[in-house]
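> Right, I'll just put the structure down here and ask away after.
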Amino acid sequence: MDPQLTEVSQLFERFKAACVREDVDTGSNLLSKLKVMLTGFRSLPPLFEDTPNAIHELTLARDIYEHAVLLSVKIGDQDAFERDFFQLKPYYTDASGRLPPSSQEYMILGLNLLRLLVQNRIAEFHTELELLSPTALENPCIKHAVELEQSFMEGAYNRVLSAKQTVPYKTYDYFMDLLAKTVRDEIAGCSEKAYDYLSISDARQTLLFSSDDELLQYINEEHPEWEIKNGVVIFQKAKESAPCKEIPSLQLINQTLSYARELERIV
Amino acid sequence: MAATMVSSAGALLAMLNESHPQLKQHALYNLNKFVDQFWPEISTSVPLIESLYEDEEFDRHQRQLAALVVSKVFCYLGDLNDSLSYALGAGSLFDVSEDSDYVHSLLAKAIDEYASLKAKATESNAEAANVDPRLEAIVERMLDKCIMDGKHQQAMGIAIECRRLDKLEEAITRSDNVHGTLSYCINVSHAFVSRREYRCEVLHLLVNVYQKLPYPDYLSICQCLMFLDEPEGVASILEKLLRSENKDDVLLAFQIAFDLVENEHQAFLLNVRDRLSVPKSQSSEMVQPKSSDPDPAQNNSSTASEDVQMTEGTSASIAIVQETDPNDAIYAERLTKIKGILSGETSIQLTLQFLYSHNKSDLLILKTIKQSVEMRNSVCHSATIYANAIMHAGTTVDTFLRDNLDWLSRATNWAKFSATAGLGVIHRGHLQQGRSLMRPYLPQGGSGGGGSPYSEGGALYALGLIHANHGKGIKQFLRDSLRSTNVEVIQHGACLGLGLAALGTADEDIYDDIKSALYTDSAVAGEAAGISMGLLMVGSASEKASEMLTYAHETQHEKIIRGLALGIALTVYGREEEADTLIEQMTRDQDPILRYGGMYALALAYRGTANNKAIRQLLHFAVSDVSDDVRRTAVLALGFVLYSEPEQTPRIVSLLSESYNPHVRYGAALAVGISCAGTGLSEAISLLEPLTSDVVDFVRQGALIAMAMVMVQMNEAGDSRVGTFRRQLEKIILDKHEDTMSKMGAILASGILDAGGRNVTIRLLSKTKHDKVTAVVGLAVFSQFWYWYPLIYFISLSFSPTAFIGLNYDLKVPKFEFLSNAKPSLFEYPKPTTVPTTTSAVKLPTAVLSTSAKAKARAKKEAEQKANAEKAAGAESSSAATNTGKEKSSSEKDADSVQVDSQPEKKAGPEPSFEILTNPARVVPAQEKFIKFMEDSRYAPVKFVPSGFVLLRDLQPTEPEVLSLTDAPSSTVSPAGGSATGQQGSASAMAVDEEPQPPQPFEYTS
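Heads up: the protein sequence lines correspond to chains A and B, in order.
When we follow UniProt numbering, the leftmost residue of the first sequence carries the number 1, and every step to the right adds one.
When we follow UniProt numbering, the leftmost residue of the second sequence carries the number 1, and every step to the right adds one.
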């Protein structure tokens, strides 16, 4: 076996061990090293050269990135998740013809969908969804994300929150927690548009808070522009009334007249 | 297994965000590879990559890589400016030799950018220090690459555009065909270098390169030197060639001289002539009789002409040395010849002989015009005289006038003036006998006792026309006449004559004489004086212009202002940017007449350059000036600016030709007429056709004249519309209800259409693409006929004979045959008109008798077949003979289809697909590309040109030469029958027969 490959495999074993130990720092360091080493393989995307060990190398690289994704979830680093996921993706899409499917594939895809939902990037969510095959849609991981999105769109926020209990994997918990906050932001955004004001108790109920304190804290942190007066939350919604643009009539008239003059001269 | 392809650049973009620099590098490296495919994805991440480029900590190579990626993305996004600036950042990674769209478009951008920077730098006279050195490096790499790859034309183009003369020189010297590249470069510099100064620099460089070559191309060098106005260089080359042992070199020198003469740059030619050193042993007695001065006595008496004095002076002083050296004797003899050529006399004489012997003018047309024109209508009467003069320009045939003296005598006053002046057009170039011909009309000694001042003035004008641009012998006489009279009509004639004779010489003494005529403040004399000053100072850009402008502001007479305005315009002829201040001054003037002069100044300063700035300015004035005169002139001036690219003109003026303003339409017609003159361009004809039936009479007049200018020398076989046009002219002339203006236009048009005995065309460019000063000036003044009819005669200056005249070492015309590889009918003379059967009936288009045509065709066919048979027998595989065999079948069909419209009988024999022409021959411009020289001929041309004067090298110098074109050919005026073409046919048949053994006699009928 290629010595480089052996080295990567050994490093990968250590990395996996670190992950299991939940030793995040060592894991990150090892991962970084691994990634650099992977750039040395020419069989990997985007080159996809047909080297003798290609299949092996591809599989190994995929494993590494899958673990990287899971690690990023563990750390709660969404940027790292996105980075790693994108680097992992070619292994699922472009290399699918050459590699046996990974057992983790749907879970990770589902995680990504969830992440998009959390970040409220609905358009990208649907783009990703379109790229999936019908069989993939049947997969519980994917289905879960799809259902969540549907409830989210319908406004059935309670269903979204209750779905937390039915997560297919434990790794999903991190995103499900975040989702609750996304839902709250959505509701807040809607109430702002829908109501001029709400009583504190109504607001608490709508925003799915269990106590008034939490509500006040939330308002302080996220929406300092809201006003609390006489037990009522006042949304200042009158501020957006962007005046429509004035038509530059005078300029247009001048222009037209000059055209007419020119025409008269020429013809 | 099929190679797996990536479907997205997402992974790589994600990798860019990694913290480890090595990963970033890896990502960049791969992005660069895939950018062509994934640029839309990458474009969203451009800011990120940009930040990598700007990251100081990053490795230099990687920063360049980042810049390259960004540059590519910007290029795909269509933002070439940003793309270029990043490409510059990419340094050496930007590979000019890469064959990709990106590199191509960026290179183009880079070169454009560089060129414009360089141009700006030179224009503001600042140092080119502010040019980005990286940009310069890219362009230089590109240039080097072009030179390495042997793409010299590209390299030269770029180098010229970027003002890198060093690179230009490198490109030329390193090319494998230096001569080819050089001539290409000359063409390019004329066609695309719009700044005159810069063009001069380029040409200087070219001359240098030329001179370094082992076998310099003297023809081209001399052309360049002429453009640069460096007579010394030309003179030294000519002298070197003349002193050579080799006769071919001498022939070459003669050829150079003829080519220079064709450009009609009188002052330059005189300079060259006077710089040729006089041989030591030559005594002044030997020079004088031999130098073919038209009038030696006249010449000796001329005290003013410095040029002449100088030659005489030097020869006289050296005359003391009396040693006879055979070499010097030969040189002296050659020198005499070349001086004859340079003074233009040789070519004028030969042209005159050619036009005289080949005159095919159709007197019947004139007769018809004369009969149909009403007696009392003096405009049409004089128009007929003009038409006659133009029709016979340079042929010396004045039969019509002599036959109709009675009718002619009806011309009075100014009509008399122009009738007399017409003689000058007819005898144009008759240098030797010009004065004796005009003697009966000239002012007789002192107070002008005998003739009317009108005929005297006309005669002086005529002398000017005869000696136009070659007035050495006549200047003094004209000056004396001008000084000795105070009759304004005579002054008028003398001024015009003097201007013509001394065209472009910038002679101070003559200028002072004319100025004193101007300061008499007489409208008639002043107008001519103004124009005359301009003629004298053509292209000199002298200080005199401001003097003239001042006087134009002082005087009250519109005529004088107009004359001066045109005169001022003439002074800036060909000066391009140098004239801008003057043009600005004139076009901003309060006086519309001066603005009108400004239009002419624009036209003449930028003549034939197709300069965009000038065109824009003219178009602006054409639509915005308040004065109709100025607008008309502005449109007309477009014709002058564009004559080097006649195809452009119809397109540019097509909108203007539909203007509501008749003056603009008139201008559009003449603009097309001027710029497309003699081309027969189809678009031009299409544009003019509707204008010939315009509702406004003067538009019709202009369109008819313009049409004639475009169609000059075409026959119906070339374009069927020529026949239609001829019939239209006839109809207008015969129609009693047609108004005078368009009638006059039609009469003039028929004159122009058959100008110079059907042997001349209007040509504003010489064969080497230089402008012919006299021709352009002639047309410019001609276009003044709107105000002053006698100026119509100036059109004769723009006529140039369409002839091939081969000359031997003795400058004689030997018998020499060559081939025109096209059907004779395409270029033959139009068929002469026949006498109408009834006076009122409209004549049929071509009433050529079918029997004579058939007989003619049969004769031709027989002759040709015989010739073919003999050639085949003689085992002379001449290319022509083989060609005919093949082309026979096809030409038969063609001939049928061509003749269908003219002849109802389809039995006409096949027309030969070639024609043998005998030196000197009429070769119309369209025919030039068909001309071939025969390989087995006795003479070989020094330079392959299909028309004009060509020196022939005699390959069998021992045998006696047969000369053709003696001074007085027997049959001159074609009889008004159908025999003209018959003669032609028989002539060609004879010519074929002469080469091999004498053939059996055969019969032909005519």
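Every residue, glycine too, gets a C-beta built ideally from N, C-alpha and C.
The model shown is predicted, which means the values in this text are computed figures rather than measured ones.
#1: Just checking, does the stretch 216-225 of chain B make contact with the stretch 723-738 of chain B on the three C-beta pairs under 8 Å criterion?
#2: Does DSSP classify residue 1024/B as helix, strand or coil?
#3: Closer than 6 Å by C-beta to Tyr-551/B: which residues in its own chain qualify, once you throw out the five before and the five after it? Chain order, please.
#4: In terms of DSSP beta bridges, what is Gly-756/B paired with?
#5: Taking Cβ-Cβ distances below 8 Å as the criterion, which residues of the stretch 23-53 of chain A are in contact with chain B?
#6: Mind checking if Lys-89/A is an interface residue toward chain B, Cβ cutoff 8 Å exclusive?
#7: Counting Cβ pairs closer than 8 Å, one from the stretch 465-484 of chain B and one from the stretch 492-505 of chain B, do we hit at least three?
#8: Considering only the alpha carbon of each residue, which of Gln-617/B, Tyr-386/B, His-430/B and Gly-451/B lies closest to Asn-469/B?
#9: Please classify Thr-833/B: does DSSP put it in a helix, a strand, or coil?
#10: Do the CB positions of Leu-47/A and Ile-64/A come within less than 8 Å of each other?
#11: Starting from the beta carbon of Gly-10/B, find every residue of chain A whose beta carbon is closer than 7 Å, and list them in chain order.
#12: Output needed for Leu-80/B: all residues of its chain with C-beta closer than 8 Å, excluding positions within five of it in sequence on either side, in chain order.
#13: Compute the Euclidean distance between the alpha carbons of Tyr-454/B and Leu-478/B, then round it to the nearest angstrom.
#14: Tell me, please, which residues DSSP counts as bridged to Thr-918/B.
#15: Can you tell which of Glu-113/B, Thr-571/B and Ser-542/B has its C-alpha closest to the C-alpha of Gly-138/B?
#16: Would you say Arg-265/A lies against chain B (beta-carbon separation less than 8 Å)?
#17: For Thr-581/B, which of helix, strand or coil comes out of DSSP?
#18: Check whether the Cβ atoms of Leu-161/A and Leu-208/A lie closer than 8 Å to each other.
#19: Just curious, the alpha helix (DSSP H) that Ser-378/B is in, first and last residue?
#20: Strictly below 7 Å CB to CB, what residues from chain B border Arg-62/A?
#21: Looking at chain A, which residues of the stretch 615-646 of chain B have a Cβ within less than 8 Å of any of its Cβ atoms?
#22: Looking at C-beta atoms only, is the number of pairs between the stretch 267-274 of chain B and the stretch 349-363 of chain B that lie closer than 8 Å three or more?
#23: Any idea if His-427/B is buried or exposed, counting beta-carbon neighbours within 10 angstroms, 16 or more meaning buried?
#24: State yes or no: is the C-beta of Val-722/B within less than 8 Å of the C-beta of Met-711/B?
#25: Give a yes or no on whether the C-beta atoms belonging to Leu-602/B and Leu-619/B are separated by under 8 Å.
#26: What in chain B is Cβ-close to Glu-82/A, meaning under 9 Å?
#27: Name, in chain order, the residues that DSSP records as bridge partners for Arg-953/B.
#28: Beta-carbon of Asn-32/B versus every beta-carbon of chain A: anything under 8 Å?
#29: Less than 8 Å between CB atoms is the rule here; does Leu-23/B satisfy it with respect to chain A?
#30: Which residue from Glu-41/B, Pro-216/B, Asp-166/B and Ile-615/B puts its Cα closest to that of Ser-194/B?
#31: Since I believe Val-950/B is in contact with Pro-941/B (beta carbons under 8 Å), could you give me their beta-carbon distance rounded to a whole number of angstroms?
#32: Please confirm whether Glu-911/B and Lys-823/B have their CB atoms less than 8 Å apart.
#33: Got a sec? Which residues, its chain only, sit under 7 Å from Glu-225/A by beta carbon, not counting five neighbours each side?
#34: Hey, how far is the Cα of Ala-304/B from the Cα of Ala-528/B?
#35: In the DSSP output, what is Phe-804/B paired with across the bridge?
#36: What residue range does the alpha helix (DSSP H) around Val-160/A cover?
With the given structure in hand:
#1: With the cut-off at 8 Å, the stretch 216-225 of chain B and the stretch 723-738 of chain B do not touch.
#2: Since the first residue of chain B shown is 1 and the last is 1006, residue 1024/B is not available in this structure.
#3: The residue given as residue 551/B occupies position 551 in the second sequence. There are no such residues.
#4: Mapped onto the second sequence, residue 756/B falls at position 756. Answer by DSSP bridge pairing: none, since Gly-756/B is not bridged.
#5: Per Cβ criterion, the list reads Ser-32, Lys-35, Val-36, Thr-39, Pro-45, Pro-46, Leu-47, Phe-48 and Asp-50.
#6: Within the first sequence, residue 89/A is the residue found at index 89, counting from 1. By this cut-off, Lys-89/A is an interface position.
#7: Yes, the stretch 465-484 of chain B is in contact with the stretch 492-505 of chain B.
#8: If you number the second sequence from 1, residue 469/B lands on position 469. The option with the nearest alpha carbon to Asn-469/B is His-430/B.
#9: Counting from 1 along the second sequence, the entry for residue 833/B is found at position 833. It is coil, neither helix nor strand.
#10: Taking the first sequence and counting its residues from 1, the one referred to as residue 47/A is at position 47. Taking the first sequence and counting its residues from 1, the one referred to as residue 64/A is at position 64. No, the pair does not count as a contact, with Cβ atoms beyond the cut-off.
#11: On the second sequence, position 10 is the one that residue 10/B refers to. Ordered by position in chain A, the residues that pass the 7 Å Cβ test against Gly-10/B are Phe-86 and Lys-89.
#12: The count along the second sequence starts at 1 and reaches residue 80/B at position 80. Cβ within range, chain order: Phe-74, Ser-105, Leu-106 and Lys-109.
#13: Stepping through the second sequence from its first residue, residue 454/B is reached at position 454. Stepping through the second sequence from its first residue, residue 478/B is reached at position 478. Taking the straight line from one Cα to the other gives about 16 Å.
#14: Position 918 of the second sequence holds residue 918/B. Beta-bridge analysis with DSSP links Thr-918/B to Glu-817/B.
#15: For the purposes of this step, residue 138/B is identified with residue 138 of the second sequence, where counting begins at 1. Note that residue 138/B is Ile in the sequence shown, not Gly. Distances from the alpha-carbon of Ile-138/B to those of Glu-113/B, Thr-571/B and Ser-542/B put Glu-113/B closest.
#16: Within the first sequence, residue 265/A is the residue found at index 265, counting from 1. Yes - at least one Cβ of chain B is within 8 Å of the one on Arg-265/A.
#17: Residue numbering aside, residue 581/B sits at position 581 when the second sequence is read from its first letter. When secondary structure is reduced to three states using DSSP, Thr-581/B falls in the helix class.
#18: Here residue 161/A refers to the residue found at position 161 when the first sequence is read from its first residue. Here residue 208/A refers to the residue found at position 208 when the first sequence is read from its first residue. In this structure, the beta-carbon distance from Leu-161/A to Leu-208/A falls below 8 Å.
#19: Counting from one through the second sequence, the residue named residue 378/B turns up at place 378. It spans 378-391 - the alpha helix (DSSP H) in which Ser-378/B sits, taken as one unbroken run.
#20: Looking up residue 62/A in the first sequence gives position 62. Neighbours of Arg-62/A on chain B: none; closest Cβ ~12 Å, over 7 Å.
#21: Correct list: Val-623 and Ser-624.
#22: The stretch 267-274 of chain B is not in contact with the stretch 349-363 of chain B.
#23: Mapped onto the second sequence, residue 427/B falls at position 427. Result: buried.
#24: Stepping through the second sequence from its first residue, residue 722/B is reached at position 722. Stepping through the second sequence from its first residue, residue 711/B is reached at position 711. The Cβ atoms of Val-722/B and Met-711/B sit closer than 8 Å to each other.
#25: The residue you call residue 602/B lines up with position 602 of the second sequence. The residue you call residue 619/B lines up with position 619 of the second sequence. Leu-619/B is positioned such that its CB atom lies no closer than 8 Å to that of Leu-602/B.
#26: Residue mapping note: residue 82/A aligns to position 82 of the first sequence, counting from 1. From the beta-carbon of Glu-82/A, the residues of chain B found nearer than 9 Å are Ala-14 and Asn-17.
#27: Translated into the one-based positions of the second sequence, residue 953/B becomes position 953. Note: Arg-953/B sits in a beta bridge opposite Ala-940/B.
#28: On the second sequence, residue 32/B is found 32 positions in, with the first residue counted as 1. For Asn-32/B, no CB of chain A lies under 8 Å from its own CB, so it is not counted at the interface with that chain.
#29: Position 23 of the second sequence, counting from 1, holds the residue named residue 23/B. Closer than 8 Å: yes.
#30: On the second sequence, position 194 is the one that residue 194/B refers to. For the residues Glu-41/B, Pro-216/B, Asp-166/B and Ile-615/B, the minimum Cα distance to Ser-194/B belongs to Ile-615/B.
#31: On the second sequence, residue 941/B is found 941 positions in, with the first residue counted as 1. On the second sequence, residue 950/B is found 950 positions in, with the first residue counted as 1. Indeed they touch by this definition, with Cβ atoms about 5 Å apart.
#32: Here residue 911/B is taken as the residue at index 911 of the second sequence, counted from 1. Here residue 823/B is taken as the residue at index 823 of the second sequence, counted from 1. Yes. Within cutoff.
#33: The residue given as residue 225/A occupies position 225 in the first sequence. So the qualifying residues of the chain are Gln-236.
#34: Indexing the second sequence from 1 puts residue 304/B at position 304. Indexing the second sequence from 1 puts residue 528/B at position 528. The predicted position of Ala-304/B is uncertain, since its pLDDT is 37 and thus under 50; no value can be drawn from it.
#35: Position 804 of the second sequence, counted from the first residue, corresponds to residue 804/B. DSSP, once it has assigned bridges, lists Ala-921/B and Gly-948/B as partnering Phe-804/B.
#36: Taking the first sequence and counting its residues from 1, one reaches residue 160/A at position 160. From DSSP, the alpha helix (DSSP H) with Val-160/A extends over 157-162.
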